[in-house]
Amino acid sequence: MNIFKRLLKIGQAEIHALVDKMENPIHLIEKGIEEMKEQLSELTEAYISNRAQLIRSENLAKNKLADAGTYEEKALLLLQKAQKEEIEAKKADQLALEALSIKKKLTEEAAEISTESIVYTDKINLINNKIDVLKFNISKWEKELATLKAKQRINHASEFANKQMANIDNNSTIELLEKMKSKIEQQEAYNDAFEEHTQQKAEQEIDYLLKRADTPKDELEELKRKLNNT
Numbered sequence: 001m002n003i004f005k006r007l008l009k010i011g012q013a014e015i016h017a018l019v020d021k022m023e024n025p026i027h028l029i030e031k032g033i034e035e036m037k038e039q040l041s042e043l044t045e046a047y048i049s050n051r052a053q054l055i056r057s058e059n060l061a062k063n064k065l066a067d068a069g070t071y072e073e074k075a076l077l078l079l080q081k082a083q084k085e086e087i088e089a090k091k092a093d094q095l096a097l098e099a100l101s102i103k104k105k106l107t108e109e110a111a112e113i114s115t116e117s118i119v120y121t122d123k124i125n126l127i128n129n130k131i132d133v134l135k136f137n138i139s140k141w142e143k144e145l146a147t148l149k150a151k152q153r154i155n156h157a158s159e160f161a162n163k164q165m166a167n168i169d170n171n172s173t174i175e176l177l178e179k180m181k182s183k184i185e186q187q188e189a190y191n192d193a194f195e196e197h198t199q200q201k202a203e204q205e206i207d208y209l210l211k212r213a214d215t216p217k218d219e220l221e222e223l224k225r226k227l228n229n230t
């Protein structure tokens, strides 16, 4: 089965499923369209040839009928001349009979040619119907081909985008996230250390202030130092 016949067996609803099932559906359809165009060219030549033959046959039949009419007129003219005694009646009858025989032969030939013309007409109609079907299918599959090519471009773009995203996810993004995580951990450690240092400093200052608080004993010692210094 050639590609053209295979294409005709594929329903319009099934064509898009070829994308998933076949390695190169676009090539298949392009080949099928090419075959249909070749058949269209052959049928067009056959149409022209048969049409030319039909025209020739119709003209030939018309000419034979015209000649047959001419011979009938000649036969009538001979009889008229015999009636006027311009020629012998016997001779006129003989010649008129020959003219009518030729007329009959030409009429039969014209009828036979007309019968052949009917055959050519039927062939032309059949070829013309096939041409119409081919033109319809070519137009249909060219539209399907355009749709598939557009879908393929979208699929390629999607695949490219997915690959790019996969590369980003697997490389740049993960690396970036790791760096951010490390920086966050460093910042948290710094904040914890700073908070701890601040807390320790505050505790030391509080302890120092508490130790310096005045007591009666401290005041007594201070007075003794003052007396000793005077």
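Here the sequence shown stands for residues 1 to 230, where the numbers follow my numbering.
Don't be surprised by glycine CBs; every beta carbon is placed ideally from N, CA and C.
Three or more C-beta pairs below 8 Å linking the stretch 47-61 and the stretch 72-90: no
Helix, strand or coil at N229 according to DSSP, with G and I counted as helix: helix
V119 versus T147 - alpha carbon distance: 42 Å
As assigned by DSSP and simplified to three states, the class of E221: helix
Alpha helix (DSSP H) segments (min. 4 residues) lying fully within the stretch 87-171: 89-167
Spatial distance of I131 from L60 (CA atoms): 28 Å
Length of the line joining the Cα atoms of L43 and E34: 14 Å
Three-pair Cβ contact test at 8 Å for the stretch 60-69 versus the stretch 95-106: yes
CB contact flag (L134, L40, <8 Å): yes
Coarse secondary structure for K84, derived from DSSP in three states: coil
DSSP three-state assignment for N24, whether helix, strand or coil: coil
I48 burial status per 10 Å Cβ neighbour count (16 or more: buried): exposed
Rounded straight-line distance, which links the Cα of E72 to that of I87: 18 Å
Neighbourhood of N50 by C-beta, 8 Å cutoff - its chain only, sequence neighbours within 5 removed: Y120, K123, I124 and I127
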